[in-house]
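Q: Just passing along the structure, written as structure tokens.
Shown next as structure tokens:
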């Protein structure tokens, strides 16, 4: 568009220049005609100049279609994806393991403790851990029974009209044994509250021929070389 305006301006300038040259060479008689022509030319030039100015203003404010198309569209901000938090599974509470252990507080001094270790070793030295625990249970059940002596030494060395309660106190084996680690473990578990004897207060060897136990007591279990009873 600007090129068109420039071409028109050049044409108009040529016309004006030609007119002036002709004015110089023409006679006075033709001056009036040139004056009229100059007047018309000025009107055309003024109108043309106004049109050129209006076009220039439009050119400055217009945005070419090609340039408008090139401008990139503004990108809308993408919404952040919200990832829901997965609930943390709660750890299940540990299951309680059923046990026959009974809480007990056996506060023995060193002498009482040694007597218990030795009687268990003498009576059940050849038994497994449970067999040793059963003998220790009988001793401690008697201590807590209320019908036998209330100390380990009293229970182990008790004598009645029927004689000694435990044969190793008579033949002296209780003083000759060497206490094993397994016996110590069994005794400590009993002192910690474990009772695997179902409350037994008596036991006898499976080799014994005495009928008194079966006639007078309640049999609760047999383990290894011993049978256990309660009242």
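Numbering (UniProt numbering), first residue to last: 1 to 231. Each residue gets a CB set at the ideal place from its N, CA and C atoms; glycine is no exception. Computed from a predicted structure; not experimentally measured.
Just the Cα atoms here: how many angstroms apart are residue 123 and residue 147?
A: Whole-angstrom Cα-Cα distance: 22 angstroms.
Q: Which value, in whole angstroms, describes the spacing of the CA atoms of residue 231 and residue 198?
A: Whole-angstrom Cα-Cα distance: 12 angstroms.
Q: Mapping DSSP to helix, strand and coil, what is residue 134?
A: The answer is helix: DSSP assigns residue 134 an H, G or I state.
Q: How about the region 202 to 210 and the region 169 to 184: do they share at least three Cβ pairs that are nearer than 8 angstroms?
A: The answer is no - the region 169 to 184 does not touch the region 202 to 210, with fewer than three Cβ pairs under 8 angstroms.
Q: Quick one: what does DSSP say residue 117 is sitting in, helix, strand or coil?
A: In the structure shown, residue 117 sits in a helix (DSSP, three-state: H, G or I).
Q: Quick one: what does DSSP say residue 221 is sitting in, helix, strand or coil?
A: Residue 221 falls in the strand class under three-state DSSP.
Q: Tell me, to the nearest whole angstrom, how far the beta carbon of residue 137 is from that of residue 196; I am working on the premise that it is less than 8 angstroms.
A: 6 angstroms between Cβ atoms; contact.
Q: What residue ranges within the region 162 to 203 form continuous alpha helix (DSSP H) runs of no fewer than 4 residues, ordered along the chain?
A: Runs of the alpha helix (DSSP H) inside the region 162 to 203: 168 to 171, 173 to 176 and 181 to 191.
Q: Using three-state DSSP, classify residue 160 as helix, strand or coil.
A: Of the three classes helix, strand and coil, the one that applies to residue 160 here is strand, per DSSP.
Q: In angstroms, rounded to a whole number, what distance separates the CA positions of residue 176 and residue 223?
A: Taking the straight line joining both Cα atoms gives about 25 angstroms.
Q: Quick check on DSSP: helix, strand or coil for residue 206?
A: Note: residue 206 maps to coil in three-state DSSP.
Q: Name the two residues that bound the continuous beta strand (DSSP E) containing residue 228.
A: 226 to 230 is the extent of the beta strand (DSSP E) around residue 228.
Q: Using the rule of at least 16 other Cβ atoms within 10 Å of the residue's Cβ for burial, across every protein chain shown, is residue 219 buried or exposed?
A: Residue 219 comes out exposed.
Q: Note down the Cα distance separating residue 150 from residue 108, rounded to an integer number of angstroms.
A: Their backbone Cα atoms lie some 12 angstroms apart in a straight line.
Q: I need the DSSP call for residue 127, collapsed to helix, strand or coil.
A: Residue state, collapsed to three classes: coil.
Q: Using a threshold of 8 angstroms, state whether the C-beta atoms of residue 133 and residue 189 are closer than that.
A: In this structure, residue 189 lies closer than 8 angstroms to residue 133 by Cβ.
Q: If I follow the unbroken alpha helix (DSSP H) through residue 235, where does it start and stop?
A: In the structure as shown, the chain starts at 1 and stops at 231, and residue 235 therefore has no counterpart that could be examined.
Q: Taking its Cβ as the centre, do 16 or more other Cβ atoms sit within 10 Å of residue 209, making it buried, or is it exposed?
A: Counting Cβ neighbours within 10 Å, residue 209 comes out exposed, since fewer than 16 surround it.
Q: Using the three-state DSSP reduction, which class does residue 302 fall into: helix, strand or coil?
A: Absent from the model: residue 302. The displayed extent of the chain is 1 to 231, so no value can be given.
Q: Based on Cα-Cα distance, which residue from 115, 114, 111 and 135 lies nearest to residue 194?
A: Residue 135 is the option with its Cα nearest to residue 194.
Q: Taking all protein chains shown into account, decide if residue 121 is buried (16 or more other Cβ within 10 angstroms of its Cβ) or exposed.
A: Buried is the call here.
Q: Rounding to the nearest angstrom, what Cα-Cα distance links residue 163 and residue 155 in this structure?
A: Their Cα atoms are separated by approximately 13 angstroms.
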